[in-house]
Amino acid sequence: MTPRVAGPRVDGWDKVTGAARYAADHSFDGPVHCWPVSSTIAKGRVVSIDTSAALAVPGVVAVLWHANAPRLHTPTADPMSAVLVKPAELAVLQSDGVAYHGQLVAAVLADSLEAARHAAGLLVVEYEQLPHDAELRPGARLRVAPPSPGLDPPEQTIGNPAAALAGAEVTIDARYTTPAEHHNPIEPHATVAAWQDGGVVLYDANQGAHLIQGVIAGMFDLPRDRVRVVSAHVGGGFGAKGPQAVAVLAVMATRMLGRPVKVTLSRQQMFALVGYRSPTVQRVRLGADRAGRLAAVIHEVVAQTSAIHDFCEPAAVLTRTMYAAPHRHTTHRLARLDVPTPFMLRAPGAAPGMFALESAVDELAVVCGLDPVELRIRNEPAADPDTGLPYSSRNLVRCLREGARAFGWRPPPRRDGHRLVGSGVAASAHPSHTFPSTAQLRLHPDGRCTVALGATDIGNGARTVLTAITAEAMAMPPERIDVLIGDSSLPLAAPAGASAGTASWGSAIVDAARRLRAQLTELGDRPLPPDGLTALGQTLGDLAGTPTGAQTAKYAFGAQFAEVCVDIDSGEVRVTRLLGVFAAGKILSPHTARSQLLGGMTMGLSMALHEESVLDSRFGDFVNGDLAGYHIATCADVPDIEVGWIDETDDQVNALGAKGIGELGIVGTAAAIANAVHHATGIRVRDLPIHPHRILEGRP
Amino acid sequence: MRPFTYHRPPDLRTAVAAVSQDPDAAYLAGGTNLVDLMKRGVLAPSVVVDLSGIGDESVDRCGDGGLRVGAGMRNSDLAAHPDVRRDYPVLARALLAGASEQLRNVATVGGNLVQRTRCVYFQDTAMPCNKRRPGSGCAALGGHHRDLAILGGSAACVATHPSDMAVALVMLDARVRLQGAARARVLPVAELHRLPGVSPQHETVLEHGELITSVELPPPSGLPSLYRKVRDRASFAFALVSVAAEMQVVDGHVRRVRLAFGGVAPKPWRARTAEALLVGVRADEGSFGRAVDAELAVASPLPGNEHKITLLRNVTLRSLLELAARS
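Structural data, given as structure tokens:
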């Protein structure tokens, strides 16, 4: 099937001209500016806050803290979104407790941002400080992560992995670590809220307007239709823009003051308040025969969470489906520490977990003397090793072969002056979810078609791909499609997350188009009514099984190939080539698909070489909390990335036949790069990021 | 941010008078560092005296063949200046290795020299820092110090001076011209910054109100030179270590050499011990290594930045070998 090219981004012009308005670009008359105040201790309680100096600053309207903040209801959530709601994080200023450094303890409200920020510095916060523990120590007694609704079980054992390992001809037993990482969308979290007519309107930076609407309605005891959340343009989410305390704070303040309230987090505040990827300590053990065929796969993960919310980085989950091995064990253990609450970030679990697994597989290939592409092909399962179900489609092997061909796999390592050059490979994978969504199509008498749903474009091109999907489903040119999204007053839709947005929204659109076309058929030769024709479509998502009713395992796969150049004197690693080939069902919009996969691979490169949040356990604080200290790959770090995909037809995965690709490109990149470093230098870096000192320390 | 009064004086003399008479006043040049620090409450001047439009942005040839650079010159303009590119390529390279295009377009030469350390504890008012709050302790010693000093630090402070440009200037024996309320004076750039000792809050020898008005470069040596910067990413990162060097080799022996390090000390570090040992020796890896080791003999790394010793040694050795090959 030839995908329809949607051309350039439909909102590209608005974005480059500044016409696209993000949350903080909105204003109401006479807004009050809110400056959130963060805790400077890691554990304890707020005894008192002397607000007199702050309140004396001209323009300061109020100081909110737990002693005077209005009480809120506990947020409620449907089972689908429960996993995205952190009740204790949202209960802003509801108690005197301090659970981590940087937690909100107060908010200053003033007529100007400058006055609010200045006054915030004048608050005298008296704490009762308690001893804290903010250090992730794998050796400590840790509990098994509790099961989370909507997430995979934390532990799983199939067969007898210990015995299989003991009897294996070849074994790998290695420890890998990944650091804490922060989302760092360029648009900070921002909410502009106005209490009006017994309800509230929010311009808010988030990944799902309906999700925020539900949380705010529940916490402020409002009917959903009294809460309107508008998120027309969002400058990046990466998992950080679910329901956040900052939106709750804004609504609390506007209701109390009766004036519109504007709040934007500073970059430094974002390092404590909006989640991050937990650091992981992972032990991977592989048992195989000399021909590289796996008998046992054991992947044990240690991660951290905060004292007030359990979130476990699900780093061993993808290991359950990657390779055939009769004996398998995966487990997640969780250290509850006095640290900020970690959360989903850019391929949660998959990105750090596949760094470990795909590094270990490379180590196995080295020990077996096998090409790592061939070793992976030898362990290709016929059915999902996790569930025993057939795959809706699985084309990892084709991706490996096509990628190897395109890359010229594998040139021998070489020396170029003071630089060592080598190449590496790793597999990519990501689950292909579809979540419940609805969409409305309206065909107008003037020949245009409007598609409306509460989807969110977090910067990755949702408007463009939804235009393409609607155009194809309605057999109309894309120029005649208008997309309305980013507003909770539109039909209910799933949030942008878990790489499921396009599949979920698109499936609902396809259903709406089917209904609309049926109406058109019924209309025959008669003209459209003056209001046009309207149809509401829906998908029940994964709840409804596959389109044919059969149970299948649904994943997208890929293979990534990296060439690196390592300066042997300085330890600097530069990626000189990066090539990915993916199998993700039908590619709906090549323009944005390439962009998403390329962006994902760039994030993977950034994870491999740069990103690291440094937590000083003495203070419980991320100390490199800005974009000068937290390094993200720059243009100069990123080579000309080659992105491709294979034709994959999958009528099982969902109504579109398309798999999500938002996170697929991130998964495996770091391992491909680390494996290339090993190929070039013989140094196996098992701890990310691959900073120069890791190379220098690994040198003989 | 504390409220402040903003002054835009008509000329430098008025500016110097304004800041000199008010202990709470600060100069604003490019603003790339001061404004960030004011927003975070690290610096809280009550008066900000803006130098834009009145700073000296000229470049002139001196009578001795050197170059005089106005302190108000933008970093990007200086890096692109034809005389600098031709006669002091090490300076152009150092400038272009610093910050980002956007920052270089506004950062001035004077401001670059007196920018503050990027030590994370200095920048967070909730943390102890002897430089920001004397006597509160140094959080970096037992904390995150991977990119901090291995040379010249003290038990009170191990912050590094972040400038690339200053490393090249110190290697080139540049001087700064200073204008105070009462007097003008000239200093070698190498003597502008102080080591922290017990009072890391005093970073330079500038008196309050004293303004850097220009930088003077001696006549060009014409020797092969280089600036090599190692960093965590390819652009827009401070140096883990950097090396500015020039060398002349005659008949296989070092005749002249100048060497300076960045990213490893509280000030741009002129490696005079190594220089003294290098002059006259055979231009080979062994003698270069001995000279660098002598310079690093006084290094006192912390547990988290011991690798900087190896890194600096490796990068300096390779730099000298490259210069020897080009000489």
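Residue numbers (the working numbering), protein chains in the order written: chain X, 743 to 1442; chain P, 38 to 364. Yeah, the Cβ is synthetic: ideal placement off N, Cα and C, and Gly gets one too. None of these values were measured; they are calculated from a predicted model.
Around the C-beta of residue i, are 16 or more other C-beta atoms found within 10 angstroms, so that it is buried, or is it exposed?
i, result
"X:Ala748", "With a pLDDT of 41 at X:Ala748, under the threshold of 50, the modelled position of that residue is not reliable, and no figure is offered here."
"X:Thr744", "Only weak support exists for where X:Thr744 lies, its pLDDT of 34 falling under 50; the value from the coordinates is given anyway. Per the 10 Å Cβ criterion, exposed."
"P:Met189", "Note that residue 189 of chain P is Gly in the sequence shown, not Met. Buried: at least 16 other Cβ atoms inside 10 Å."
"P:Tyr43", "exposed"
"P:Glu244", "exposed"
"P:Gly100", "exposed"
"X:Pro1187", "exposed"
"X:Cys1141", "buried"
"X:Gln1394", "buried"
"X:Ala1254", "buried"
"X:His1433", "buried"
"X:Asp1284", "buried"
"X:Ile1310", "buried"
"P:Ser137", "exposed"
"X:His860", "buried"
"X:Val1003", "buried"
"P:Val252", "buried"
"X:Asn1396", "buried"
Among all the DSSP beta bridges, which residues are the ones paired with residue i?
i, result
"X:Asp1309", "X:Arg1161"
"X:Thr1209", "In DSSP, X:Thr1209 forms no bridge with anything."
"P:His21", "The first residue shown for chain P is 38 and the last is 364, placing residue 21 of chain P beyond what the model contains."
"X:Leu1183", "X:Val1193 and X:Ala1277"
"P:Tyr64", "P:Val86"
"P:Pro225", "P:Arg212"
"X:Glu897", "X:Thr1073"
"X:Pro1381", "Note: X:Pro1381 sits in no beta bridge, so no partner."
"X:Glu868", "X:Ser790"
"X:His874", "X:His874 is not bridged to any residue."
"P:Ser262", "P:Glu283"
"X:Ile954", "Bridge partners of X:Ile954: none, in fact."
"X:Arg1025", "X:Arg917 and X:Glu1042"
"P:Ser364", "BP columns for P:Ser364 are empty, so no partner."
"X:His946", "Before going further, note that residue 946 of chain X is Asp rather than His in the sequence given. BP columns for X:Asp946 point to X:Thr933."
Smallest Cα separation from residue i: which of the options?
i, options, result
"X:Leu814", "X:Ala804, X:Arg859 and X:Phe962", "X:Phe962"
"P:Asn142", "P:Thr162, P:Arg130, P:Ala117 and P:Val127", "P:Ala117"
"P:Phe325", "P:Val335, P:Pro261 and P:Val294", "P:Val294"
"X:Thr1047", "X:Gly1150, X:Ile1227, X:Ala876 and X:Gly1201", "X:Ala876"
"X:Gly1279", "X:Ala849, X:Asp1267 and X:Leu1232", "X:Leu1232"
"P:Asp87", "P:Val151, P:Val267, P:Gly102 and P:Gly109", "P:Gly109"
"X:Thr1072", "X:Leu1099, X:His1041 and X:Met1096", "X:His1041"
"X:Ala932", "X:Ile914, X:Ala992, X:Gly960 and X:Thr899", "X:Ala992"
"X:Leu1226", "X:Val752, X:Thr1192, X:Arg1441 and X:Asp1113", "X:Thr1192"
Would you please state the rounded distance, in angstroms, between the beta carbons of residue i and residue j? I believe it to be under 8 Å.
i, j, result
"X:Ala1057", "X:Ala1067", "That belief does not hold up - the Cβ atoms of X:Ala1057 and X:Ala1067 are roughly 18 Å apart, past 8 Å."
"X:Leu1351", "X:Ala1370", "The Cβ separation is near 17 Å, so there is no contact."
"X:Gly720", "X:Leu1138", "The structure shown does not extend to residue 720 of chain X, since chain X is modelled only from 743 through 1442, so no value can be given for it."
"X:Ala887", "X:Ala1037", "About 27 Å; that fails the 8 Å criterion."
"P:Leu209", "P:Pro255", "7 Å"
Report the residues of the segment 237-268 of chain P with a CB closer than 9 Å to any CB of chain X, ordered along the chain. Listed by position, the residues of the segment 237-268 of chain P near chain X (Cβ gap below 9 Å) are Arg265, Val267 and Arg268.
Please identify, using Cβ separations under 7 Å, the residues of the segment 1154-1170 of chain X that lie next to chain P, in order along the chain. His1160
Below 7 Å between beta carbons is the criterion; list the residues of the segment 917-930 of chain X that meet it against any residue of chain P, in chain order. none
Closer than 8 Å, Cβ to Cβ, to anything on chain P: give me those residues from the segment 1311-1335 of chain X, in chain order. Asp1311, Ser1312, Gly1313, Glu1314 and Arg1316
Taking any Cβ of chain X, which residues in the segment 342-353 of chain P have a Cβ under 7 Å from it, in chain order? Residues of the segment 342-353 of chain P with a C-beta less than 7 Å from any C-beta of chain X: His344, Thr347, Leu348, Asn351 and Val352, listed in chain order.
According to a CB-to-CB cut-off of less than 8 Å, which residues of the segment 1345-1360 of chain X neighbour chain P? Leu1351, His1352, Val1356, Asp1358 and Arg1360
Scan the segment 1372-1388 of chain X for residues whose Cβ lies nearer than 7 Å to a Cβ of chain P and list them as they occur along the chain. His1373, Ala1375, Thr1376, Ala1378 and Asp1379
Using a Cβ-Cβ cut-off of less than 8 Å, list which residues of the segment 165-186 of chain P approach chain X; keep chain order. Ala176, Gly179, Gly180, His181 and Arg183
Short-range partners of chain X found in the segment 96-122 of chain P, where Cβ spacing is below 9 Å: Contact annotation: in the segment 96-122 of chain P, no residue has its CB less than 9 Å from a CB in chain X.
To be precise: take each residue of the segment 846-880 of chain X, compare its Cβ to all Cβ atoms of chain P, and keep it if any distance is under 7 Å. Which residues remain? Glu856, Arg859, His860 and Gly863
If contact means a Cβ-Cβ distance below 7 Å, which residues of the segment 1080-1092 of chain X contact chain P? none
Given a limit of 9 Å on CB to CB distance, which residues of the segment 140-168 of chain P reach chain X? Arg155, Val157, Tyr158, Gln160, Asp161, Thr162, Ala163 and Met164
Scan the segment 269-281 of chain P for residues whose Cβ lies nearer than 7 Å to a Cβ of chain X and list them as they occur along the chain. Asp269, Arg270, Ala271, Ser272, Phe273, Ala274 and Leu277
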